[in-house]
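Q: If you're matching them up, the sequences are chains A and X in order. First residue of the first sequence: 11, per the working numbering; consecutive thereafter. First residue of the second sequence: -7, per the working numbering; consecutive thereafter. In this text, a Cβ means the ideal position worked out from N, Cα and C, and glycines have one as well. Take a look at this one; I'll ask things after.
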Amino acid sequence: MTRARVFLFVVLSGLCIVATTGYVVFTIGTRQAAPVRAAATTDPDVLQTILDEPHLMFVDTSDPTHTRLAIAPLDAPNTNRFVTLRACDRVYFAGGHGLCSGAEEHYYGNRGVIDFDIHLQPGHSFTDADGLSSRARVSPDGHYGSVTLFVAGDSYGAPFSTRDHLFDLTTGDDRGTLEEFKVYKDNVPFESPSFNFWGTTFARDGNTFYATLGDGSVGATTYLVVGDIVRREMRVLRTNVECPSLSPDETRIAFKKRIADPDEWRLAVLDLSTLQDTLLNETRRLDDQVEWLDDEHVLYGMPRAATGTDLATDVWEASVRGDEPPRVYLTDAASPAVVH
Amino acid sequence: MYGLIRQGLVGVSQPTVARRWSAWTGVGRTVICLGITSLLTDISSEMVSAVLPLFLLYQLQVSALQLGIIDGLYQGCSGLVRLGSGFVADRWSRQKDVAAAGYGLSAASRLGLIVSNGALGGIGASVLVDRIGKGIRTAPRDALISLSVPKDTLGTAFGVHRFLDTGGAFLGPLLAFALLTLSPRSFDIVIVPSFSFALIGLGVIVLLVDNHRVPAVPGAASVTPSLRECARLLFLPRFRALVVAAGLLALFTASDAFVYIGLQRRASVALTVFPLLYVGTALFYLILALPAGQLADRFGRRRVFLIGQTLFLGVYVLLVLQDAGWWSALVLPLLGAYYACTDGVLMAAASMELDEQFRTSGLALLTTVTSLAALVSSVLVGAIWTASSMDVAFRCVAVAFVIVLGYGYWSLRQVVSE
């Protein structure tokens, strides 16, 4: 070891330390100055105006590291939006009850599940549901809510697994997870300790729901199940239907269909009377639980860049008949919920 | 003459911190510098491991299944390159250069992570390169440590190295989560410093560590390591006994991941606390690494290794007990002490049995056997777990572990006195 080498080492380390510190300080400085959208408003009168007409409740992703609960009018969503101060990763609203997953900021992202009322005022907090937000849904009558969370440490095969929680939003009771329900396949009990559930969607009768069942191993089959909340049981309908979303007329289910491994999904619609599915004319990879805008159109979140670290997302609209090409419905948004 | 001048220079330009350390532990500059390289590289890699699953999940919306594939990639593929790198290092007596190449690959993988800009293929490739780098560097680095100190301080030398090494595993996740607290979900402010730490660590080994020079012993020096000579290492009775015992024990040692999941089920550890389990174990490991190494030098390396393995029995007892309650927390100090008494101490014990020319190959052989056994162990525990339950899985491997531990005491008994 010579003096020259020690000198070189000191110079190299010095450069690394200065450059890195500069990068970190600069990054933290710029990211904390969150951009305020031109179309966003904080005027409470505007909030009431939007709430009084049919609107879209969603997650504002203008600042993707600080996502917020927001609303916009359904007929002209890009002209006006009210962004609340409520942190949110996934949101849903139906029957006078809202559900927000990821309601508090935490070092690795948001966590915590709460419900809220028609004035967006928080109500119950569901503390047993701890994990990273994936999906959120409320039954049309507002009675039940469900969130899918990613949790760590449940499985040895994968670092994350999913857990689907069920809540009674009228009382604030935690109804446990779908893992506690009985499952039947061809009328025979179907069970495994590695079962995972995700992506619940509710029917208008206030008791029926649909969800995805997977057995937690790589490349394994997934199943569409139809469940009964009161009887706490589920029945397998068919394979390869993930994140179902029941149409308003309750005759079809829009879902993400796995067309290749690993996890290459496309938007598809299942006819519940025949259990046959059709791919829509959205050809990009889809990873969302879609929302029906009406009986002929669906909304879904889509990253603006196909790959990369650009976190921007938009909500897109596709026609179920496939007679119109998909189009951007609302920019800088995710997790759409249509409220009439 | 050249050697004398070089030694003189070493004395003059030795960094102050390293000199103080050397005075305290008596292990010399090479061990301290290698320790610092490991410290910085471990901070770097643990920062990334701590946030990678979250990064994939949030940034790329990758599902749990894909994460499983990447994680398997992350864990699985370092064993293959070990043997080759060990042989090359011995053959040309270039332990330092081979180890530096391994550290270089890991630093490059961090750069790859930044450049890939979140593309899944790029992330997968950089994870693979990092694991290959780890496979390449481990045996030459441990050989260099063992070659730089007299045999009676081998345990201490490995203790000092593992103390610094584990310091990285302890600080990395804390640093990563501290940065994420300052700017939630800005994963680049974790990955960029991670690259920087890896680069400085690489600088330490490249610029401040020298290759081990094989002393010119007449006759003995002419033996150039060949593949055949390396294969014959397994016929050294004392070395073979160590390889067999360590391999069998590893076969029935539940991996950290299983232990933590077991602990979480028992004591229902919150999701947010889960990463802290790793940090807690690292803390006990780093506190105990040096004392365990010194103890090994004093009372016998094999004896301390066996004591360490016996501590793992305590981990099993706590995991199998139905109502351990707060006693479950004892798993962390036990696991930390187990690592302190077995990881570096095993390398010290093996180094005692291996000639200098075959040191790297021998250590590579030993770690290949133990890491393959660990891989088989994970599959085994996972299979029993899936087929029946967690309790049954722990009980089965615990019983097998007791039997193998008995065999270990028996097979190493005649040589415990060293």
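When you compare only the Cα positions, how much space is there between residue 289/X and residue 251/X?
A: When rounded, the distance between both Cα atoms is 30 Å.
Q: Less than 8 Å between CB atoms is the rule here; does residue 57/X satisfy it with respect to chain A?
A: Residue placement at residue 57/X is flagged as unreliable, the pLDDT there being 44, under the threshold of 50; a coordinate-derived value is accordingly withheld.
Q: Would the beta-carbon of residue 358/X fall within 8 Å of that of residue 135/X?
A: By the CB criterion at 8 Å, residue 358/X and residue 135/X fall outside the cutoff.
Q: Decide if the segment 120 to 132 of chain X is in contact with the segment 96 to 108 of chain X; the criterion is three or more beta carbon pairs, one per stretch, under 8 Å apart.
A: yes
Q: With burial defined as no fewer than 16 other Cβ atoms inside 10 Å of the residue's Cβ, what is the status of residue 345/X: buried or exposed?
A: buried
Q: To the nearest angstrom, how far is the alpha carbon of residue 482/X from that of residue 172/X?
A: Not covered by the structure: residue 482/X. The range shown for chain X is -7 to 410.
Q: Do residue 153/X and residue 30/X have their C-beta atoms closer together than 8 Å?
A: yes
Q: Within 10 angstroms of the Cβ of residue 193/X, are there 16 or more other Cβ atoms? Answer buried if so, exposed if not.
A: It counts as buried.
Q: I want to see whether chain X comes within less than 8 Å of residue 7/A, judged by CB atoms only; does it?
A: In the structure displayed, chain A extends from 11 to 350; residue 7/A sits before or after that span and is not available.
Q: Would you decide whether residue 393/X is buried or exposed? Buried here means 16 or more other CB atoms lie within 10 Å of its CB.
A: Residue 393/X is buried by the Cβ-count criterion.
Q: Report the CB separation of residue 362/X from residue 242/X in whole angstroms; it is logged as a contact under 8 Å.
A: 4 Å
Q: Going by the CB atoms, is the gap between residue 165/X and residue 42/X shorter than 8 Å?
A: For residue 42/X and residue 165/X, yes; Cβs fall inside 8 Å.
Q: Just list the alpha helix (DSSP H) runs in the segment 218 to 288 of chain X, keeping only unbroken ones of 4 residues or longer that don't cross its boundaries, in chain order.
A: 219 to 223, 229 to 243 and 248 to 259
Q: Counting C-beta neighbours from all protein chains within 10 Å, is the total for residue 164/A 16 or more, i.e. buried, or is it exposed?
A: Unreliable placement is indicated for residue 164/A, whose pLDDT of 49 sits below 50; the coordinate value is still reported in the next sentence. Buried: at least 16 other Cβ atoms inside 10 Å.
Q: If we cut at 8 Å on Cβ distances, does residue 19/A have a partner in chain X?
A: yes
Q: Give a yes or no on whether the minimum CB-CB distance between residue 195/X and chain A is below 8 Å.
A: For residue 195/X, the answer is yes, since a Cβ of chain A falls inside 8 Å of its Cβ.
Q: Can you tell me the Cα-Cα spacing of residue 27/A and residue 81/X, whole angstroms?
A: 32 Å
Q: Chain A partners of residue 235/X, CB-CB under 9 Å?
A: Residues of chain A passing the Cβ test: none, with the nearest at roughly 27 Å.
Q: Thinking C-alpha only, which one of 115/A, 35/A, 129/A and 242/A is nearest residue 56/A?
A: 129/A
Q: Pick helix, strand or coil for residue 322/A, following the three-state DSSP scheme.
A: DSSP places residue 322/A in coil when its eight states are reduced to three.
Q: The beta strand (DSSP E) with residue 129/A in it runs from where to where?
A: Unbroken run through residue 129/A: none, as it is neither H nor E.
Q: Is residue 193/A close to chain X? Criterion is C-beta to C-beta, closer than 8 Å.
A: no
Q: Could you run through the segment 100 to 116 of chain A and flag, in chain order, every residue whose CB is less than 9 Å away from some CB of chain X?
A: If the cut-off is 9 Å between Cβ atoms, the segment 100 to 116 of chain A has 115 and 116 near chain X.
Q: Give the single residue among 301/A, 184/A and 206/A whose Cα lies nearest to the Cα of residue 192/A.
A: 206/A
Q: By how many angstroms is the C-alpha of residue 250/A removed from the C-alpha of residue 195/A?
A: 15 Å
Q: Residues of chain A with a CB under 7 Å from the CB of residue 191/X: which are they?
A: Taking the beta carbon of residue 191/X as reference, the chain A residues within 7 Å of it are 26, listed in sequence order.
Q: In the DSSP assignment, the beta strand (DSSP E) including residue 238/A goes from what residue to what residue?
A: 232 to 238
Q: Kindly indicate which residue of 234/X, 38/X and 137/X has the alpha-carbon position closest to the one of residue 403/X.
A: Residue 234/X is the option with its Cα nearest to residue 403/X.
Q: Please look up how many angstroms separate the CB atoms of residue 274/A and residue 295/A, rounded, as I've assumed it's under 8 Å.
A: 6 Å
Q: Measure the CB-CB distance between residue 255/A and residue 68/A and report whether it falls below 8 Å.
A: no
Q: I'd like the list of long-range same chain contacts for residue 395/X, defined as Cβ closer than 6 Å, with 5 residues on each side in sequence excluded.
A: There are no such residues.
Q: With 16 as the cutoff for other CB atoms within 10 Å, does residue 132/A come out buried or exposed?
A: exposed
Q: Taking C-beta pairs closer than 8 Å, name the residues in chain X that residue 94/A reaches, listed in chain order.
A: Going along chain X, no residue has its Cβ under 8 Å from residue 94/A, so there is no contact; the nearest lies around 18 Å.
Q: Checking the sheet assignment: what are the DSSP bridge partners for residue 194/A?
A: 199/A and 245/A
Q: Given this structure, state the Cα-to-Cα distance separating residue 383/X from residue 398/X, to the nearest angstrom.
A: 23 Å
Q: Residue 175/X CB to nearest chain A CB: under 8 Å?
A: yes
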